[in-house]
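Count the sequence shown with this note's numbering and you get residues 3 to 157, in order.
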Amino acid sequence: MVDLLWFAQKNPFDQRKVDNGSVADSVIPPRPTPRSLEVLLVDDDELIQSSAGGLLGGLGHKVTIAACGEAALKCLEDGLQPDVVILDVNMPGLGGAGTLPLIRASHPALPILVTTGRVDQVALDLVKSAPFVSLLPKPFDIKELREHLNNLTKV
């Protein structure tokens with residue numbers, strides 16, 4: 003299990019105008035979601051782990067990464083209490099289709115955000131199979147991620 007920390011890095015494309023009309027370099031931080039969440043990110047792709055983990059950290063959330071469904075279930079069995087699970091569909095082992103019903107059995111109201119780069123009937127059926135499940139197609143940006151998290155975690 004790995005906790006990711008996100009560090010702001012200066013991006014040459016992040017610029018804003020200042021009062022005198024010149025351009026000032028700045029880091030424009032992403033707008034945070036209304037509250038900090040404990041997120042369990044389940045994806046076998048290290049690039050997705052890093053990029054999605056960075057986006058989530060930038061939104062002010064604490065991220066725990068599991069590289070497969072079995073590892074995610076172990077995290078939950080060991081007492082992790084996430085506010086939301088971000089679950090990839092296509093992974094080795096149980097995959098998203100095998101993991102989601104097991105998470106739902108032990109955590110019936112836990113919001114789950116299913117992600118996939120291949121939105122097919124399997125993914126659509128998976129999302130419809132349980133309550134509190136939403137679909138976020140890959141690739142996604144910080145705005146889409148924030149909106150989905152806000153919608154899933156509305157109180």
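Ideal Cβ placement from N, Cα and C applies to all residues, glycine included. None of these values were measured; they are calculated from a predicted model.
Alpha-carbon spacing of residue i relative to residue j, whole angstroms
{"i": "L128", "j": "D85", "result": "20 angstroms"}
{"i": "T117", "j": "E146", "result": "12 angstroms"}
{"i": "L154", "j": "K64", "result": "16 angstroms"}
{"i": "P144", "j": "L57", "result": "Checking the sequence, you will find Ile at residue 144 rather than Pro. Between I144 and L57, the C-alpha separation is close to 6 angstroms."}
{"i": "P141", "j": "K156", "result": "24 angstroms"}
{"i": "D47", "j": "G55", "result": "12 angstroms"}
Reduced DSSP category for residue i - H, G, I as helix; E, B as strand; rest coil
{"i": "P103", "result": "helix"}
{"i": "K76", "result": "helix"}
{"i": "K140", "result": "coil"}
{"i": "L151", "result": "helix"}
{"i": "A69", "result": "coil"}
{"i": "D27", "result": "In this prediction, D27 scores a pLDDT of 38, lower than 50, which makes its location untrustworthy; no coordinate-derived value is stated."}
{"i": "V91", "result": "coil"}
{"i": "V128", "result": "The question names Val, but residue 128 is Leu in the sequence shown. Looking at L128 - three-state DSSP - the assignment turns out to be helix."}
Status (buried if at least 16 other CB within 10 Å, exposed otherwise) for residue i
{"i": "P113", "result": "buried"}
{"i": "D45", "result": "buried"}
{"i": "A107", "result": "exposed"}
{"i": "Q83", "result": "exposed"}
{"i": "Q51", "result": "buried"}
{"i": "L126", "result": "exposed"}
{"i": "G98", "result": "buried"}
{"i": "L49", "result": "exposed"}
{"i": "G71", "result": "buried"}
Beta-carbon contacts of residue i that lie in its chain and below 7 angstroms, excluding the five residues immediately before and after
{"i": "C175", "result": "Outside the displayed span of the chain (3 to 157) sits residue 175, for which this structure offers no information."}
Chain-order list of residues whose beta-carbon lies under 8 angstroms from that of residue i (same chain, five-residue window excluded)
{"i": "V91", "result": "G97, G98, A99, V116, T117, T118, R120, V124, A125 and L128"}
{"i": "A132", "result": "L102, P103, R106 and I114"}
{"i": "S38", "result": "G62, H63 and K64"}
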